[in-house]
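Counting from 65, one number per residue, gives the positions in the sequence shown under my numbering. Backbone N, C-alpha and C define an ideal beta-carbon position, used for all residues, glycine too. Here is the structure we will look at.
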Amino acid sequence: MSVLDTIASHLFIGAAYAAEGAEGGDHGGSETVELILAAALLVLLIVLAVKARGSILGVLDKRTEKIREDLAEAERLRSEAEGHLAQAQARQREAAAEAAAIIERAKHDAQRHREKAAVDIEEAMKRREAMALERIAQAEAQALAEVRSTAVNVAVSAARDLVGRQISSDPAKGSALLDEAIADLGGKLH
Numbered sequence: 065m066s067v068l069d070t071i072a073s074h075l076f077i078g079a080a081y082a083a084e085g086a087e088g089g090d091h092g093g094s095e096t097v098e099l100i101l102a103a104a105l106l107v108l109l110i111v112l113a114v115k116a117r118g119s120i121l122g123v124l125d126k127r128t129e130k131i132r133e134d135l136a137e138a139e140r141l142r143s144e145a146e147g148h149l150a151q152a153q154a155r156q157r158e159a160a161a162e163a164a165a166i167i168e169r170a171k172h173d174a175q176r177h178r179e180k181a182a183v184d185i186e187e188a189m190k191r192r193e194a195m196a197l198e199r200i201a202q203a204e205a206q207a208l209a210e211v212r213s214t215a216v217n218v219a220v221s222a223a224r225d226l227v228g229r230q231i232s233s234d235p236a237k238g239s240a241l242l243d244e245a246i247a248d249l250g251g252k253l254h
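Given below as structure tokens:
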């Protein structure tokens, strides 16, 4: 039998005596029975407190350990979240720096393309101007050649008319003039 069983049986016995004393009249022992019952109840409560203390402390220790584990897990999760936040911020800074570098490169490329386009336009204008000047020179040369050809034709025609008139009027003088004109013509054409 355990201590609790013994105390419980004494309480029941004491309660039975108290009930018997109340029925059987007042013999002066009811105060003793009440005192015994109070003492037994006090002992029972003390024994229960001692026995329950271990289990209550065990429950409290388990609860404390669970809270410690939860706090450690929360701390680990907080540290992990801070690490993720730091990584995300670093990636954001890297992305911003990369975007700024891309924008800067694009500005430089655009400026370089503008400068190259200006140079290309300038060169194209110079080429077109040179081609136009060449065409003008060719046209001038062609016009000059045509004028010379026309002048030669006119001179030949005029000389023919002149020589023809002189030959018709004086054949000896005409033959001498023809020889002279042929000799002069060779020097003028070259």
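Consult DSSP for residue i and reduce its assignment to one of helix, strand or coil.
i	result
aspartate 234	coil
glycine 89	Any reading at glycine 89 must be qualified, since the residue scores a pLDDT of 49, below 50, and its modelled position is unreliable; no value is offered.
Considering only their Cβ atoms, is the gap separating residue j from residue i smaller than 7 Å?
i	j	result
alanine 222	alanine 245	no
What's the gap between the Cα of residue i and the Cα of residue j?
i	j	result
isoleucine 231	serine 213	26 Å
serine 119	leucine 108	17 Å
aspartate 243	glutamate 204	34 Å
valine 216	arginine 191	36 Å
glutamate 176	leucine 141	Residue 176 is actually arginine in this sequence, not glutamate. Distance between the alpha carbons of arginine 176 and leucine 141: 51 Å.
alanine 159	arginine 132	40 Å
alanine 152	isoleucine 166	20 Å
aspartate 225	alanine 219	10 Å
alanine 154	glutamate 144	15 Å
alanine 138	alanine 164	38 Å
leucine 99	glutamate 129	43 Å
leucine 112	leucine 106	10 Å
glutamate 162	valine 183	31 Å
alanine 194	aspartate 234	57 Å
glutamate 179	glutamate 168	16 Å
leucine 249	alanine 201	28 Å
arginine 147	leucine 135	Just to set this straight, residue 147 is glycine in the shown sequence, not arginine. Cα-Cα distance, rounded: 18 Å.
alanine 116	aspartate 125	14 Å
alanine 210	isoleucine 185	Per the sequence shown, the amino acid found at residue 210 is glutamate instead of alanine. Glutamate 210 and isoleucine 185: Cα-Cα distance of roughly 36 Å.
Evaluate residue i with the Cβ neighbour count: other Cβ atoms within 10 Å of its Cβ, from every protein chain shown; 16 or more gives buried, anything less gives exposed.
i	result
alanine 104	buried
glycine 89	With a pLDDT of 49 at glycine 89, under the threshold of 50, the predicted position of this residue should be treated as unreliable, and no value is reported.
### Task
Quick one: which unbroken beta strand (DSSP E) runs of 3-plus residues sit fully inside the region 105-144? Chain order, please.
Within the region 105-144, no complete beta strand (DSSP E) run reaches 3 residues.
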